[in-house]
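Remarks on the structure that follows.
Numbering (our numbering), first residue to last: 74 to 333.
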């Protein structure tokens, strides 16, 4: 029934659209839409989050280590983007933990780019391959215009993102403690226009979003009485309409979670 309701809602939109739902109580998984791999947009920050916690747990990175935001090192700092770092004074000292927090809570693009200098693209991709995720990849920084002109793109998979959230929920991603901390951080994510929008204000949602001119993404864990994972992405379509459809799909999944 839920698949029929989701597919019915998707029938009136053109372009690429994908939905992955997992009932965390029963393990039931539903995949709908016509696409599973999308340009990553802000979804790439989930990959950096996982790698950051892996590096901290293995001792490769100290979360309390400090670095400085030097505006000259980030020529994209004047570009319109989400986040707060670009509004702070040049040379501000900040920790790895601070960068991770800013990247997830307010989708700070410069914080992501700074973290990438420490984490390294190859390390992130190798970690995800070792975890069994073949379709998600980091290939450039956000707003790397030179690479963008060459067509270099970051990619996410809605199925792999859903599997990541499921493993986090079970405490099986990196470690139980790392899983718990990553979820708690994503619960603080402040872009609430899609999944949280149709839920009560006290409903906890640990999620990550992505917004571009031609792409939209939201995915995470909804901590209803019967918790579930929901990951949705759309591209090459009417983004405003896609956002409305995603809200409707969230309501469909939440209603199922509330059924006895």
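Yeah, the Cβ is synthetic: ideal placement off N, Cα and C, and Gly gets one too. Here the structure is a predicted model, which is why all the values come from computation and not from measurement.
Inset, instruction - Would you please verify whether the beta carbon of residue 201 is less than 9 Å from any beta carbon of chain B? - result: In the structure shown, chain B cannot be found, because there is only a single protein chain.
Legend entry - Terminal residues of the alpha helix (DSSP H) in which residue 220 lies: 218-222
Inset, instruction - Name the two residues that bound the continuous alpha helix (DSSP H) containing residue 202. - result: 194-203
Inset, instruction - Using only alpha-carbon positions, find the residue among 271, 205, 272 and 278 that is nearest to residue 258. - result: 278
Inset, instruction - Provide the residue(s) that pair with residue 138 in DSSP beta bridges, ordered along the chain. - result: Answer is none; residue 138 lacks a bridge partner.
Inset, instruction - Could you pull out every residue in the same chain whose Cβ sits closer than 8 Å to the Cβ of residue 276, ignoring the five residues on either side in sequence? - result: 269, 295, 296 and 297
Legend entry - At least three beta-carbon pairs within less than 8 Å, the stretch 87-101 to the stretch 228-236: yes
Inset, instruction - Check residue 89 in the structure and name its three-state DSSP category. - result: strand
Inset, instruction - Kindly list the residues whose CB is nearer than 8 Å to the CB of residue 285, restricted to its own chain and excluding five residues on each side of it in sequence; keep chain order. - result: 112 and 114
Inset, instruction - In the DSSP assignment, find the unbroken beta strand (DSSP E) run with residue 167 in it and report its ends. - result: 165-168
Legend entry - Option nearest residue 192 by Cα separation, candidates 246, 292 and 135: 135
Inset, instruction - Report, in whole angstroms, the separation of the C-beta atoms of residue 197 and residue 120, which I expect to be a contact under 8 Å. - result: 5 Å
Legend entry - residue 227 beta carbon less than 9 Å from that of residue 86: no
Inset, instruction - Kindly indicate the opening and closing residues of the alpha helix (DSSP H) around residue 317. - result: 312-331
Legend entry - Whole-angstrom C-beta distance between residue 305 and residue 287, which should lie under 8 Å: No, residue 287 and residue 305 are not in contact; Cβ-Cβ is about 16 Å, not under 8 Å.
Inset, instruction - For the alpha helix (DSSP H) holding residue 289, just list the boundary residues, first then last. - result: Premise fails: residue 289 lies in the beta strand (DSSP E), 288-295, not in any alpha helix (DSSP H).
Inset, instruction - Along the beta strand (DSSP E) that carries residue 125, what are the first and last residues, could you check? - result: Not the beta strand (DSSP E): residue 125 falls in the alpha helix (DSSP H), residues 117-130.
Legend entry - Enclosing beta strand (DSSP E) for residue 81 [first to last residue]: That residue, residue 81, is in no beta strand (DSSP E); its alpha helix (DSSP H) goes 75-83.
Legend entry - Simplified DSSP state of residue 300, which is helix, strand or coil: coil
Legend entry - Beta-carbon spacing of residue 255, residue 126 below 9 Å: yes
Inset, instruction - State buried or exposed for residue 253, treating a residue as buried only when at least 16 other CB atoms are found within 10 Å of its CB. - result: exposed
Legend entry - Reduced DSSP secondary structure (H/G/I, E/B, other) of residue 270: helix
Inset, instruction - Just confirm the distance between the C-beta atoms of residue 302 and residue 79, as a whole number of angstroms; I'd bet it's less than 8 Å. - result: No, residue 302 and residue 79 are not in contact; Cβ-Cβ is about 14 Å, not under 8 Å.
Inset, instruction - Buried or exposed for residue 307, please, with buried defined as at least 16 other CB atoms from any protein chain shown within 10 angstroms of its CB. - result: buried
Legend entry - Cutoff 7 Å; reference residue 263; Cβ partners in own chain excluding five residues on either side: 178 and 179
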